[in-house]
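Numbers 27 to 293, taken from this note's numbering, label the letters of the sequence shown in order.
For glycine and all other residues, C-beta sits at the position ideal for the given N, C-alpha and C.
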Amino acid sequence: METFENLRSMNILEHFVEEERRSMERRRIMFSSSPLEALLGCTSPFTVSDLIPFTVKSHNTHMRFDHLLSFEYTKNLPGFHHLSIEDRICIFKYVIMGFCALDIAYLTSQMNMVEQGFLVFTNATYSSALNFDVGWGSEDEISAEEKVKLIWPMNQKFYEQLLKPMSKINLDQVEYSALKALTLWRTCYFELSPSAKLFAKELEYGIIKGLHNYYQNREDGPERMGDVILFISNIFDVYLTIVENYKKLELFNLIKIDIFVKELLQL
Numbered sequence: 027m028e029t030f031e032n033l034r035s036m037n038i039l040e041h042f043v044e045e046e047r048r049s050m051e052r053r054r055i056m057f058s059s060s061p062l063e064a065l066l067g068c069t070s071p072f073t074v075s076d077l078i079p080f081t082v083k084s085h086n087t088h089m090r091f092d093h094l095l096s097f098e099y100t101k102n103l104p105g106f107h108h109l110s111i112e113d114r115i116c117i118f119k120y121v122i123m124g125f126c127a128l129d130i131a132y133l134t135s136q137m138n139m140v141e142q143g144f145l146v147f148t149n150a151t152y153s154s155a156l157n158f159d160v161g162w163g164s165e166d167e168i169s170a171e172e173k174v175k176l177i178w179p180m181n182q183k184f185y186e187q188l189l190k191p192m193s194k195i196n197l198d199q200v201e202y203s204a205l206k207a208l209t210l211w212r213t214c215y216f217e218l219s220p221s222a223k224l225f226a227k228e229l230e231y232g233i234i235k236g237l238h239n240y241y242q243n244r245e246d247g248p249e250r251m252g253d254v255i256l257f258i259s260n261i262f263d264v265y266l267t268i269v270e271n272y273k274k275l276e277l278f279n280l281i282k283i284d285i286f287v288k289e290l291l292q293l
């Protein structure tokens, strides 16, 4: 395993910022009507004009793409290749299960869609969160009533516990990259082996150190740091809801569950 000295010599936060930038670029190429803007350093993967109403079919079609991004993020973690198989799987499970909700919250808040009562998904689809006007119609494989029963409760939890709080603190890309990485280590920590826990603590230290440096010339730095740290507590209950919801979807067999998720749910 890489030594702690090696980790402390790295710019850990910059690593996670670069990972986030790369994910946004891939989403722009995949879903935007102007994909070449990814070459110009555009930080947003798509615009409001790119959005189309959510469908279960589109969700199933693009789920594997999100999981590919999660796989890349996980395998690129500093020192990941030195971890045990059990620790690698544990980390990957939390990346797949938790990051989807965080990305939805970040994209929606960055596009100023929270106040309008919408959720923006990672495949450039959106649905209404305050009524059933957008994204809740019947489809060939699932009725409107079934969609509301299976999906609405989880979306409401996303909206109330993640989207609204994230919209209030208005994170930039550096702050969001730090939040995302810190959330990973906080949520998976108690399932890691003792050696992996020490490693996670070092990565967490590097992220917080980088965030402190990022804020050092800002008067609101301590407040912003506090906002990022406090937000992490919002994801724990949401994570459990995501796992329970996937199990429910698999049980009713109304929404296709990706093989990645099926295997992870069995671990």
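Let me make sure I understand the geometry here. Which of SER193, PHE158 and TRP178 has the alpha-carbon closest to that of PHE257?
Its Cα nearest to that of PHE257, the residue SER193 stands out among SER193, PHE158 and TRP178.
Own chain, CB closer than 6 Å to ASN271, minus 5 neighbours either side, in chain order
The beta carbon of ASN271 sits closer than 6 Å to those of MET180, all from its chain and outside the five residues before and after it, given in chain order.
What are the residues that DSSP puts in a beta bridge with THR148?
DSSP lists no bridge partner for THR148.
Give the C-beta separation of PRO123 and PHE91 to the nearest angstrom, bearing in mind that I take them to be a contact with Cβ-Cβ under 8 Å.
Here residue 123 turns out to be Met, not Pro, going by the sequence shown. In fact, because the Cβ distance is near 16 Å, the residues do not count as touching under 8 Å.
Answer yes or no: do PHE144 and TYR152 have a C-beta to C-beta separation smaller than 7 Å?
In this structure, TYR152 lies closer than 7 Å to PHE144 by Cβ.
So, is ILE111 buried or exposed, given that buried needs 16 or more other C-beta atoms within 10 angstroms?
Exposed, by the Cβ-count rule.
Complete runs of the alpha helix (DSSP H) confined to the stretch 109-170 [at least 4 residues]:
Fully contained in the stretch 109-170 are the following alpha helix (DSSP H) runs of length 4 or more, in chain order: 111-136.
Considering only their Cβ atoms, is the gap separating LEU290 from LYS16 smaller than 7 Å?
Past the edges of the chain, shown from 27 to 293, lies residue 16, and the structure says nothing about it.
When you compare the CB positions of LYS260 and LEU208, do they come within less than 7 Å of one another, or not?
Checking the sequence shown, residue 260 turns out to be Asn, not Lys. Not a contact, by the Cβ cut-off of 7 Å.
Taking the beta carbon of ILE78 as the centre, do at least 16 other beta carbons fall within 10 Å, making it buried, or is it exposed?
Burial call: exposed.
Does DSSP put ILE258 in a helix, in a strand, or in coil?
It is coil, neither helix nor strand.
Spatial distance of ILE233 from THR148 (CA atoms)
If I take the Cα positions, the gap works out to 25 Å.
Rounded to a whole number of angstroms, what is the C-alpha to C-alpha distance between GLU228 and ALA222?
Note on geometry: alpha-carbon atoms of GLU228 and ALA222 lie some 10 Å from one another.
Mind the definition here: the stretch 161-178 touches the stretch 238-251 only if three or more C-beta pairs lie below 8 Å; say whether that holds.
Verdict: no, contact absent.
Note down, in chain order, each residue of its chain lying with its Cβ closer than 8 Å to the Cβ of LYS83, except the 5 sequence neighbours on either side.
Only GLU165, ASP166 and GLU167 meet the Cβ criterion.
Can the beta-carbon of VAL264 be found less than 7 Å from the beta-carbon of LEU205?
No. Outside cutoff.
With DSSP collapsed to three states, give me the class of PRO104.
In the structure shown, PRO104 sits in coil (DSSP, three-state: anything other than H, G, I, E or B).
Can you tell me which of CYS126, HIS41 and LEU94 puts its alpha carbon nearest to the alpha carbon of LEU103?
With distances taken between Cα atoms, LEU103 lies closest to HIS41.
In angstroms, rounded to a whole number, what distance separates the CA positions of GLU28 and ARG52?
Residue confidence for GLU28 is low, a pLDDT of 49 falling below 50, so the modelled location carries little weight and cannot support an answer.
Note down, in chain order, each residue of its chain lying with its Cβ closer than 8 Å to the Cβ of ASN196, except the 5 sequence neighbours on either side.
For ASN196, where only same-chain residues beyond five positions count, the Cβ hits under 8 Å are SER135.
Whole-Å CB distance - CYS116 paired with GLU217, under 8 Å assumed
The Cβ separation is near 5 Å, so the contact holds.
Spell out the partners DSSP gives ILE78 in its beta bridges.
Beta-bridge pairing links ILE78 to THR151.
With a threshold of 7 Å on Cβ separation, who are the neighbours of VAL174 within its own chain once the five nearest residues in sequence on each side are excluded?
Scanning its chain for C-beta atoms nearer than 7 Å, with the 5 sequence neighbours on each side dropped, one finds around VAL174 the residues PHE158 and TRP162, in chain order.
Considering only C-alpha positions, which residue in the set TYR99, ILE38, LEU39 and GLU245 is nearest to MET50?
Ranking TYR99, ILE38, LEU39 and GLU245 by Cα distance to MET50 puts TYR99 first.
Cα-Cα, which of GLY105, LYS190 and ASN37 is closest to VAL146?
Of the listed residues, the one whose Cα sits closest to VAL146 is LYS190.
Return the chain-ordered list of same chain residues with a C-beta closer than 8 Å to the C-beta of GLU141, the five sequence neighbours on each side being excluded.
Result list for GLU141: SER193, in chain order.
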